[in-house]
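J.: Before anything else, here's the structure in question.
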Amino acid sequence: MNSAALVRRDLRLAYRRRGELATPVVFFIIVTALFPLALGSEPQLLRRLAPGVIWVAALLASLIGQDSLFKNDYEDGSLEQMLLSPAALEWLTLLRVLTHWLVTGLPLVILSLLMGLLLNYPLDSLDVLAGSLLLGTPVLSFLGAVGAALTVSLRRSGMLLPILVLPLTVPVLIFGAAAAERAMQGEPVAAPLYFLAAMLVLAVTLAPFAIAGGLRVSLES
Amino acid sequence: MFVWFHKLASPPYFYRLAGRLAPWLAWASLIVILAGLYGGLWLAPPDYQQGDGFRIIYVHVPSAWMSLFIYVVMALAAAIGLIWRMKLAHAVSAAAAPLGAAFTFLALVTGSLWGKPMWGTYWVWDARLTSELVLLFLYFGYLALHRAFEDQRSGDRAGAILALVGIVNVPIIHYSVKWWNTLHQGPTVFFGARADIAPSMYIPLFIMIIGFMLYFAAFVLKRLQVEILSRERHTAWVQELAGKP
Amino acid sequence: MTAQPSPALTLAARGLAVWRGDRCLCRDLAFELHGGQALHLQGPNGAGKTSLIRVLTGLGRCDAGEVLWQGEPLRRNSAGYRAALAYLGHNNGVKLGLSPRENLAAAGALMDTPASADIDKALAEVGLSESADLLCGALSMGQRRRTALARLQLSRAVLWFLDEPLASLDVAGAALVNRILKTHLAAGGMVVFATHQALELAPFPVLAVKLGTPA
Numbered sequence: 000m001n002s003a004a005l006v007r008r009d010l011r012l013a014y015r016r017r018g019e020l021a022t023p024v025v026f027f028i029i030v031t032a033l034f035p036l037a038l039g040s041e042p043q044l045l046r047r048l049a050p051g052v053i054w055v056a057a058l059l060a061s062l063i064g065q066d067s068l069f070k071n072d073y074e075d076g077s078l079e080q081m082l083l084s085p086a087a088l089e090w091l092t093l094l095r096v097l098t099h100w101l102v103t104g105l106p107l108v109i110l111s112l113l114m115g116l117l118l119n120y121p122l123d124s125l126d127v128l129a130g131s132l133l134l135g136t137p138v139l140s141f142l143g144a145v146g147a148a149l150t151v152s153l154r155r156s157g158m159l160l161p162i163l164v165l166p167l168t169v170p171v172l173i174f175g176a177a178a179a180e181r182a183m184q185g186e187p188v189a190a191p192l193y194f195l196a197a198m199l200v201l202a203v204t205l206a207p208f209a210i211a212g213g214l215r216v217s218l219e220s
Numbered sequence: 000m001f002v003w004f005h006k007l008a009s010p011p012y013f014y015r016l017a018g019r020l021a022p023w024l025a026w027a028s029l030i031v032i033l034a035g036l037y038g039g040l041w042l043a044p045p046d047y048q049q050g051d052g053f054r055i056i057y058v059h060v061p062s063a064w065m066s067l068f069i070y071v072v073m074a075l076a077a078a079i080g081l082i083w084r085m086k087l088a089h090a091v092s093a094a095a096a097p098l099g100a101a102f103t104f105l106a107l108v109t110g111s112l113w114g115k116p117m118w119g120t121y122w123v124w125d126a127r128l129t130s131e132l133v134l135l136f137l138y139f140g141y142l143a144l145h146r147a148f149e150d151q152r153s154g155d156r157a158g159a160i161l162a163l164v165g166i167v168n169v170p171i172i173h174y175s176v177k178w179w180n181t182l183h184q185g186p187t188v189f190f191g192a193r194a195d196i197a198p199s200m201y202i203p204l205f206i207m208i209i210g211f212m213l214y215f216a217a218f219v220l221k222r223l224q225v226e227i228l229s230r231e232r233h234t235a236w237v238q239e240l241a242g243k244p
Numbered sequence: 000m001t002a003q004p005s006p007a008l009t010l011a012a013r014g015l016a017v018w019r020g021d022r023c024l025c026r027d028l029a030f031e032l033h034g035g036q037a038l039h040l041q042g043p044n045g046a047g048k049t050s051l052i053r054v055l056t057g058l059g060r061c062d063a064g065e066v067l068w069q070g071e072p073l074r075r076n077s078a079g080y081r082a083a084l085a086y087l088g089h090n091n092g093v094k095l096g097l098s099p100r101e102n103l104a105a106a107g108a109l110m111d112t113p114a115s116a117d118i119d120k121a122l123a124e125v126g127l128s129e130s131a132d133l134l135c136g137a138l139s140m141g142q143r144r145r146t147a148l149a150r151l152q153l154s155r156a157v158l159w160f161l162d163e164p165l166a167s168l169d170v171a172g173a174a175l176v177n178r179i180l181k182t183h184l185a186a187g188g189m190v191v192f193a194t195h196q197a198l199e200l201a202p203f204p205v206l207a208v209k210l211g212t213p214a
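Chains as they are written, first to last, in numbering that gives the first Met the number 0: chain A, 0 to 220; chain B, 0 to 244; chain C, 0 to 214.
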């Protein structure tokens, strides 16, 4: 098996349907921009809410991106080929999730810098905000991938996916938003960032098994 | 031991065993719960701060305890079903999940009812109540996924995977919510036994927990009988039971 | 490229039962297939040919009985079994956003990377040399099917599973399938296929499994 070639293929495919992949990013921008419209544009208020708003928007955006993770492969039969290949399915799913994060999650991290500016988030704490997203969004990708794998064969997968995955994302949201909030108030941020890193390690090691199991179940019938 | 285990896993045997055990457990649970209620509502003295309002813990604490206990049972059964491909184990998960959701809901309702006299509001973002709320969402996810599959066996296995992912997450969720709660200095509720609590107050609590467990056991066995019949409906023994030739 | 002739290859089913919801597709199904032989799954629409073929590949699950490869139940050596089989289902497993050549290269990457000369040869054999670098999304259904057939040839699998291989192929395409299968059988390979039309595979022995009408 040639992992690099597989990643290259996924990236090439992603590039050829970049319009579709831009959806979560645009969603992220629009949702973030809605908050000042709903809450008023007072800079102090926006600053106070910025960590939570950006984190919730990023969470929802990354979830939206996950529905397409295996859907195309399921519909054109590539998923069957993946399952029947001699390569370990767990490894293939790990590669897939990381590639998908690269094209859908990483843009959110980069854009969060801009959104922080829009919401009057202090400039000198932007690194922590982006850092928390850098550690947290891959975890969201893995959790979302579990849901995507379990629902890929279902017609209402788009509705079901958030119900399955959102409760699982609570710790990521708590630690991510807390890190960004504490940075803003000049408090130490090591604890929440370490928690996020620990969850990332846990997700990378355990989630591929759940994802592979979910895909096997989904393709049974 | 193994022979007994094997026999237990055979659906017709288990069906009859469950049918025999369930009524006993149901009556036992009724008696124990009544005893617990008598102890909690009449014998236990009123709390020196909260008066009689505290008595809702005799429903709240056992419900909260059951909500977690049932999720653990579900995840264990899911693991057994996935690893040893035991169909009965999946039926246990499926039978327990709605009950777990109901207990979680009951814990939330009693918790918020208790909140009203305590803090003058029906809902506070207390760490335990918040964890319970997330747990309720986890149950909803399991139930929704399990029902979404046309093929029941696929639904069983998909639900089992979700339950296992959930059980890994439950402690993480619990501690993250606790951490979040101390960070934001929310109001803290003292449910459950304190060091200075009188025995006449906490003994009924344990009796209630035992009663709830018995009720759960009886109810799950009854539900399991139904699950077994529906899952084994093509087999000879069920057809015979139904009086078909 | 295809397998060494080896009569020692065996795919067998014992007491196989497959249920689909409340319907029994087959029960107590047994067969034994050796290298150089083909197995034809027959039956009307909805009889369960696809379900059965998926059970045999290991994708689907059976409700009783077992499938044995080289005398071993599937569950025990599933990676080895997957290395020995190739599957062409209803869906081609062809990415519309990639050209046939890219598709074959990617499929090869799942096993081990094939030489580009092999890819060219496989493409020529299915008559896709000219459109090898167009996106599959721009190709006809038949051409996409041909791309999938080329993937089959490129694999070193000895055991082929084909679900309605003739779907969306023209007369020349059907002849192509016949030719490819015969070459594979001649090399000692095995084929399990589900079709309505009979395939012309003489002189190779074709076993048949008939699935009943849906109850």
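All residues carry an ideal CB built from backbone N, CA and C; glycine is no exception.
Mark A:Leu113 as exposed unless 16 or more other C-beta atoms lie within 10 angstroms of its C-beta, in which case mark it buried.
T.: Per the 10 Å Cβ criterion, exposed.
J.: Can you have a look at A:Ile210 and say buried or exposed, based on whether 16 or more other CB atoms are within 10 angstroms of its CB?
T.: It counts as buried.
J.: Sort A:Leu38, A:Ala3, A:Ser217 and A:Ser131 by Cα distance to C:Ala108 and report the nearest one.
T.: For the residues A:Leu38, A:Ala3, A:Ser217 and A:Ser131, the minimum Cα distance to C:Ala108 belongs to A:Ala3.
J.: Below 8 Å between beta carbons: does that hold for B:Leu24 and B:Leu213?
T.: Yes, they are a contact pair.
J.: Identify the contact partners of B:Trp179 in chain A, using a Cβ-Cβ distance below 8 Å as the criterion.
T.: Near B:Trp179 (Cβ distances below 8 Å), the residues of chain A are Ile173 and Ala177.
J.: Say whether the segment 143–150 of chain A touches the segment 9–17 of chain A, bearing in mind that this needs 3 or more beta-carbon pairs closer than 8 Å, one atom from each stretch.
T.: These segments do not touch.
J.: What first and last residue would you give for the alpha helix (DSSP H) that runs through C:Lys247?
T.: Since the displayed chain C opens at 0 and closes at 214, residue 247 of chain C lies outside it and no answer follows.
J.: Do you know offhand how far A:Val108's Cα is from A:Leu122's?
T.: Each residue's alpha carbon lies about 15 Å from the other.
J.: Between the beta-carbon of C:Leu95 and the beta-carbon of C:Leu134, is there less than 8 Å?
T.: Against a cut-off of 8 Å, the Cβ pair of C:Leu134 and C:Leu95 comes out as a contact.
J.: Quick one: what's got a C-beta closer than 6 Å to A:Pro106's C-beta in the same chain, skipping five residues either side?
T.: Answer for A:Pro106: Val24, listed in chain order.
J.: If the cut-off is 7 Å on Cβ atoms, which residues from the segment 9–25 of chain C count as contacting chain B, listed in chain order?
T.: Listed by position along the chain: Gly20.
J.: Hey, which unbroken runs of the beta strand (DSSP E) at 3 residues or more fall wholly within the segment 87–112 of chain A?
T.: Fully enclosed beta strand (DSSP E) runs of 3 or longer: not present.
J.: Could you check what DSSP says for B:Ala192 in three-state terms: helix, strand or coil?
T.: Below a pLDDT of 50, predicted positions are generally treated as unreliable, and B:Ala192, at 46, falls in that range; no measurement from the model is reported.
J.: Give, in chain order, every residue of the segment 64–91 of chain A whose Cβ lies closer than 9 Å to some Cβ of chain C.
T.: Those would be Asn71, Asp72, Tyr73, Glu74, Asp75, Gly76, Ser77, Leu78, Glu79, Gln80, Met81, Leu82, Leu83, Ser84, Pro85, Ala86, Ala87 and Leu91, in chain order.
J.: Is the beta carbon of C:Leu210 closer than 8 Å to that of C:Leu10?
T.: No; because the gap between Cβ atoms is not below 8 Å, this pair is not in contact.
J.: May I have the straight-line CA-CA distance separating C:Gly35 from A:Val200, to the nearest angstrom?
T.: Each residue's Cα considered, the two are about 49 Å apart.
J.: Tell me, please, whether the CB atom of B:Val164 is closer than 8 Å to any CB atom in chain A?
T.: Closer than 8 Å to some Cβ of chain A, the Cβ of B:Val164 qualifies, so yes.
J.: How would you label A:Asp126, buried or exposed, when you count the other beta carbons within 10 angstroms and need 16 or more for buried?
T.: Label assigned to A:Asp126: exposed.
J.: Could you pull the DSSP bridge partners for C:Phe203 from this structure?
T.: Answer is none; C:Phe203 lacks a bridge partner.
J.: Looking at the ligand FAD, does it come within less than 7 Å of B:Ile79, judged from the CB to the closest heavy atom?
T.: Absence of the ligand FAD is noted for the structure shown, with no ligands found whatsoever.
J.: Return yes when the Cβ of B:Ala17 is within less than 8 Å of the Cβ of B:Leu240, no when it is not.
T.: No, these two residues do not count as a Cβ contact at 8 Å.
J.: For the 8 Å Cβ check, are there 3 or more pairs between the segment 82–101 of chain B and the segment 53–70 of chain B?
T.: Touching, yes, given that three or more Cβ pairs across the two stretches are closer than 8 Å.
J.: If you draw a straight line from the C-alpha of B:Ala192 to the C-alpha of B:Ile160, how long is it?
T.: Note that B:Ala192 scores a pLDDT of 46, beneath 50, so its modelled location is shaky; the value from the coordinates is reported in the next line. Between B:Ala192 and B:Ile160, the C-alpha separation is close to 35 Å.
J.: Would a C-beta distance cut-off of 8 Å place A:Ser220 and C:Gly45 closer than the cut-off?
T.: No.
J.: Indicate whether B:Leu144 and A:Pro166 have their beta-carbon atoms separated by less than 8 Å.
T.: No, they are not a contact pair.
J.: Return the first residue and the last residue of the beta strand (DSSP E) that C:Ala186 is part of.
T.: No beta strand (DSSP E) contains C:Ala186, which DSSP labels as neither H nor E.
J.: Report the neighbours of A:Leu218 on chain C: residues whose CB is nearer than 9 Å to its CB, in chain order.
T.: In chain order: Arg53, Leu58 and Gly59.
J.: Counting only runs of 3+ residues fully inside the segment 30–62 of chain B, write out the beta strand (DSSP E) ranges in chain order.
T.: Counting whole runs of 3 or more residues, the segment 30–62 of chain B contains no beta strand (DSSP E) stretch at all.
J.: Going straight from the alpha carbon of C:Ala37 to that of A:Val102, what length do you get?
T.: Cα to Cα, the separation comes out at about 45 Å.
J.: Can you find a CB in chain C that lies within less than 8 Å of the CB of A:Leu10?
T.: For A:Leu10, the answer is no, since every Cβ of chain C falls outside 8 Å of its Cβ.
J.: According to a CB-to-CB cut-off of less than 8 Å, which residues of the segment 141–154 of chain B neighbour chain C?
T.: Going along the segment 141–154 of chain B in chain order, one finds Glu149, Asp150 and Arg152 with a Cβ nearer than 8 Å to chain C.
J.: Is C:His39 helix, strand or coil when you go by DSSP?
T.: Note: C:His39 maps to strand in three-state DSSP.
J.: Taking Cβ-Cβ distances shorter than 9 Å, what residues in chain C pair up with A:Leu5?
T.: Residues of chain C passing the Cβ test: Ala105, Ala108 and Leu109.
J.: Pull up the distance between the alpha-carbon of C:Arg81 and that of B:Ile202, whole angstroms please.
T.: Taking the straight line joining both Cα atoms gives about 60 Å.
J.: Ordered along the chain, which non-local residues of its own chain (more than five positions away) have a Cβ less than 7 Å from that of C:Gly14?
T.: Asp27, Ala29, Ala63 and Gly64.
J.: With 8 Å set as the bound, which would you pick, yes or no: does the beta-carbon of B:Val71 sit closer than that to a beta-carbon of chain A?
T.: Not an interface residue.
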